[in-house]
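Working notes, beginning with the structure itself.
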Ligand SMILES: Cc1ncc(C[n+]2csc(CCOP(=O)(O)OP(=O)(O)O)c2C)c(N)n1
């Protein structure tokens, strides 16, 4: 066991996928010579040659549409879209073709392909470099949407995504790219794609988080323990398909739930999760389910992002609003009235 | 001879002067069915092959009429007619070999039928039963594509896939004049040229994108010039002259097949009917214009040409007509034979393995359906 970053884990995941299956092709903008702006494809062109790992012209719709044709033609493309907000030109291809090809052809043309997107903020990026775009993809039937929070998961979820018979949007929390972890990648994680994992067991409340919000949730749980509240942290890992089973079981056990996401709250993935939890766990709930999310503003400039990003304090605040003392949430009500 | 990593024969991309289209559309046969001054770099097909093309055009015309009639009877949800564009539809199909792929738009049903796909399955989309009725892998025809120009990128990807697998096959992709304004058209030309993909783009310039005339779509001298800036060899052709369209497409397919990269063809033609059955073309074009183009109809033109050459007999004409009638009768008989689709099928193909959520929703609809049936 050594130390590994998520970036290294992803690089290893791509390398091992390329080795395992000749049909795998890795391409995108600057992924060849440069190894990607985040160096996720570092060394792959040298190792596998320019036929397997290559740069494309600068056109996101182009490279995703091109990948669709390659997948139809028997290859397994893994494309990198350089940044979350620069994936938008590809959205028509993703929503109208990547997501639908299998369905419109009655299962005759599956599209095994992976679209990797570095997403989220927290790295001091100027505008258009910090969007949390998961809701767009999660809202589109036909796509699987995966987002790791640890290096080990990043490796295995990516390996799974490349082997998946269906298209996977693979969202990489860019602020976790360089976070170090004491873990080997040879060890298989507890659960595969489609299964959430309990990162920290607890009895009093469930914190649901994914991608960049998982470390925040864990830190908040550690803090809450000091206040005597035993918080369970669930890392969703896969947004589609959603693991209702793990989530429901946890909330039924704890009776209280907070959902954390970095994306804007309105109509976000967290809203969907809250709806699912209250539909399935209503009689187990001792308090309303609360969301902690980014504000409904365009992602702010770097000097303001600390105030935008849901941090430990905001999560703790939400935990404390879970009516442990059977008192109405006066503070919150007062805030709303003002 | 060797095809290099970038897809080009011996690594050579076309030189600038090789890219330019002819100043006027290539033409072999005049509107009266007589010989035109054809440029020598294209070779007309044998009379046998042109006879085959004639037969297919008669069938395509009848198929189109039958589909329009079915639409008026409410048996198709919508139908975009290609009446008047048969030279392009048939030449496109005829220029391809079995191992090649076709990427059509919603308007190209006649081309898909001409390629040999079951007409009932071709109309599944427009009947409203499912999105694509035929098997794209078995037929080597991609689904009829509605989001404009998006299929061109798939065609380039497929062409690149065929090249990578060392298959002796090319891809032909259709697009309309309006579609050439979409970003994906330009991205597809660029990708195809950079990767040297064996793909032929056929623009059917039928003068209108729904109601918008070509002059408001582009200021280019001709759509064929749009290939030049990308390094794609380009040509323009009289799209109502089957002899010319086929000659140019044959050359384009051979160009792509032999490792010279992509080829763009603009065919000048005209849609004689409305955009779809729901359209009212009187709002944007006048009768006089339609009459002029009707006089340039590709079908009588080819007939006259082959008659003059003495290679098309009355018997051939009757046989083609009989074949067309048989296809129409078969279409009428079979179009609704299989009944409405199973509502539960909508859950079956979203993913290879349905998600727990889809299984849940399927069960709930199943209960609902059983409730109504009980
Ligand atoms: C991306 C996109 N935008 C708009 C439409 C709606 N639409 C359908 S057909 C059409 C006109 C297309 O004209 P053209 O490309 O010339 O092809 P034609 O219909 O004449 O064959 C439009 C605007 C569409 N299908 N896709």
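Residue numbers (my numbering), protein chains in the order written: chain A, 1 to 338; chain B, 339 to 712. A virtual CB, placed ideally from N, CA and C, is assigned to each residue, including glycine.
Please name the residue, chosen from 428(B), 420(B), 353(B) and 354(B), that lies closest to residue 388(B) on a Cα-to-Cα basis.
Out of 428(B), 420(B), 353(B) and 354(B), the CA that lies nearest to the CA of residue 388(B) is found in 428(B).
Which residues, in chain order, does the region 59-77 of chain A contribute to contact with chain B at a C-beta distance below 7 Å?
From the region 59-77 of chain A, only 59, 61, 62, 65, 66, 67, 68, 69, 70, 72, 73, 74 and 75 have a Cβ closer than 7 Å to chain B.
Could you name the residues of chain A that residue 481(B) contacts, counting a contact when the two beta carbons are closer than 7 Å?
Here the neighbours are 104 and 105.
Got a sec: does ligand 1 put a non-hydrogen atom nearer than 7 Å to the Cβ of residue 516(B)?
Yes; taking the cut-off as 7 Å, the Cβ of residue 516(B) has a heavy atom of ligand 1 nearer than that.
At a CB distance below 7 Å, what residues from the region 138-170 of chain A approach chain B? Give them in sequence order.
Listed by position along the chain: 141, 142, 165 and 166.
Quick one: list the residues of chain B neighbouring residue 30(A), beta-carbon separation under 9 Å, in chain order.
Correct list: empty, because the minimum Cβ distance to chain B is about 15 Å.
May I ask which residues mark the beginning and end of the beta strand (DSSP E) holding residue 510(B)?
For residue 510(B), the enclosing beta strand (DSSP E) covers residues 509-514.
Using a Cβ-Cβ cut-off of 7 Å (strictly less than) and excluding sequence neighbours within five positions of residue 665(B), which residues of its own chain qualify?
Excluding positions up to five away in sequence, the list reads 397, 400, 401 and 457.
Would you say residue 499(B) reaches chain A, if we count a Cβ-Cβ gap shorter than 8 Å as a contact?
At least one C-beta of chain A is nearer than 8 Å to the C-beta of residue 499(B).
Is there contact between the region 222-241 of chain A and the region 283-299 of chain A, where contact requires at least three CB pairs shorter than 8 Å?
The region 222-241 of chain A and the region 283-299 of chain A do not touch, with fewer than 3 CB-CB distances between them shorter than 8 Å.
Report yes if the C-beta of residue 547(B) is less than 7 Å from at least one heavy atom of ligand 1; otherwise report no.
Result yes, Cβ under 7 Å from ligand 1.
Counting pairs of Cβ atoms below 8 Å between the region 610-623 of chain B and the region 555-563 of chain B, do you hit three or more?
When Cβ pairs closer than 8 Å are counted between the two stretches, the region 610-623 of chain B is seen not to touch the region 555-563 of chain B, the count staying below three.
Enumerate in chain order the residues of its own chain whose CB-to-CB distance from residue 297(A) is below 8 Å, with the five nearest sequence positions on each side excluded.
Same-chain partners within the cutoff: 264 and 308.
Mind listing the chain B neighbours of residue 324(A)? Cutoff is C-beta to C-beta under 7 Å, in chain order.
Those do not exist, as residue 324(A) stays about 32 Å from chain B at its closest Cβ, beyond 7 Å.
So residue 82(A) contacts chain B; which residues on that side make the cut at Cβ distance below 9 Å?
Within 9 Å Cβ-Cβ: nothing; residue 82(A) doesn't reach chain B, min ~16 Å.
Out of 88(A), 214(A), 46(A) and 110(A), state which residue places its alpha-carbon closest to the alpha-carbon of residue 73(A).
Sorting 88(A), 214(A), 46(A) and 110(A) by C-alpha distance to the C-alpha of residue 73(A) places 110(A) at the top.
When Cβ atoms are compared, which residues of the region 461-477 of chain B fall closer than 7 Å to chain A?
Taking 7 Å as the Cβ-Cβ cut-off against chain A, the residues of the region 461-477 of chain B that qualify are 468, 469, 470, 473, 474 and 475.
Is any non-hydrogen atom of ligand 1 found closer than 7 Å to the C-beta of residue 578(B), if you look at the structure I gave you?
In this structure, residue 578(B) has its beta carbon at no less than 7 Å from each heavy atom of ligand 1.
State yes or no: is the beta carbon of residue 51(A) nearer than 8 Å to at least one beta carbon in chain B?
Output row for residue 51(A): interface = yes.
Any idea what DSSP makes of residue 265(A), helix, strand or coil?
Coil at residue 265(A), not helix or strand.
For the region 238-260 of chain A, enumerate the residues whose C-beta is nearer than 9 Å to any C-beta of chain B, in chain order.
Cβ contacts with chain B come from 240, 241, 242, 243, 244 and 245.
Would you say the beta carbon of residue 489(B) comes nearer than 7 Å to a heavy atom of ligand 1?
False, no ligand heavy atom lies under 7 Å from that Cβ.
Enumerate, from N- to C-terminal direction, the unbroken alpha helix (DSSP H) stretches of 4 or more residues contained entirely within the region 495-547 of chain B.
Look at the region 495-547 of chain B and you find these whole runs of alpha helix (DSSP H), each 4 residues long or longer: 521-533.
Backbone CA spacing between residue 440(B) and residue 17(A) [nearest angstrom]
Each residue's CA atom was taken as its position, placing residue 440(B) and residue 17(A) some 31 Å apart.
Rounded C-alpha distance that separates residue 555(B) from residue 342(B):
Going by C-alpha positions, residue 555(B) is about 37 Å away from residue 342(B).
At least 3 beta-carbon pairs within less than 8 Å: the region 514-531 of chain B vs the region 487-494 of chain B:
Enough Cβ pairs lie closer than 8 Å, so yes.
In the DSSP assignment, what are the bridge partners of residue 608(B)?
According to DSSP, residue 608(B) bridges with nothing at all.
Check whether chain B comes within 8 Å of residue 93(A), counting only Cβ atoms and requiring the distance to be less than that.
Yes, because at least one Cβ of chain B sits closer than 8 Å to the Cβ of residue 93(A).
Counting pairs of Cβ atoms below 8 Å between the region 457-471 of chain B and the region 32-39 of chain A, do you hit three or more?
Using a C-beta cut-off of 8 Å, the region 457-471 of chain B makes no contact with the region 32-39 of chain A, since fewer than three inter-stretch Cβ pairs fall below that distance.
Measuring CA to CA, which of 540(B), 626(B) and 466(B) is closest to residue 590(B)?
Of the candidates 540(B), 626(B) and 466(B), the one whose C-alpha sits nearest the C-alpha of residue 590(B) is 540(B).
What residues of chain B sit near residue 79(A), judged by a beta carbon separation below 9 Å?
The contact set of residue 79(A) on chain B, defined by CB atoms closer than 9 Å, is empty, because the minimum CB distance reaches about 11 Å.
Would you mind sorting residue 164(A) into buried or exposed? The rule is 16 or more other CB atoms within 10 Å of its CB.
Here residue 164(A) is buried: its Cβ has 16 or more other Cβ atoms, across all protein chains shown, within 10 Å.
Unbroken alpha helix (DSSP H) runs of length 4 or more, entirely within the region 621-692 of chain B: which are they?
Entirely contained in the region 621-692 of chain B, the alpha helix (DSSP H) runs reaching 4 residues are, in chain order, 625-632, 636-646 and 652-672.
So what does DSSP say about residue 173(A), is it helix, strand or coil?
It is a strand residue.
Kindly provide the ranges of any alpha helix (DSSP H) runs that are 4 or more residues long and lie completely inside the region 434-506 of chain B, ordered along the chain.
For the region 434-506 of chain B, whole alpha helix (DSSP H) runs of length 4 or above, ordered along the chain, are 447-452, 457-460, 462-465, 474-477 and 488-502.
Cβ distance (whole Å) where residue 536(B) is taken to contact residue 545(B) below 8 Å
Incorrect: roughly 30 Å between the Cβ atoms, too far for contact.
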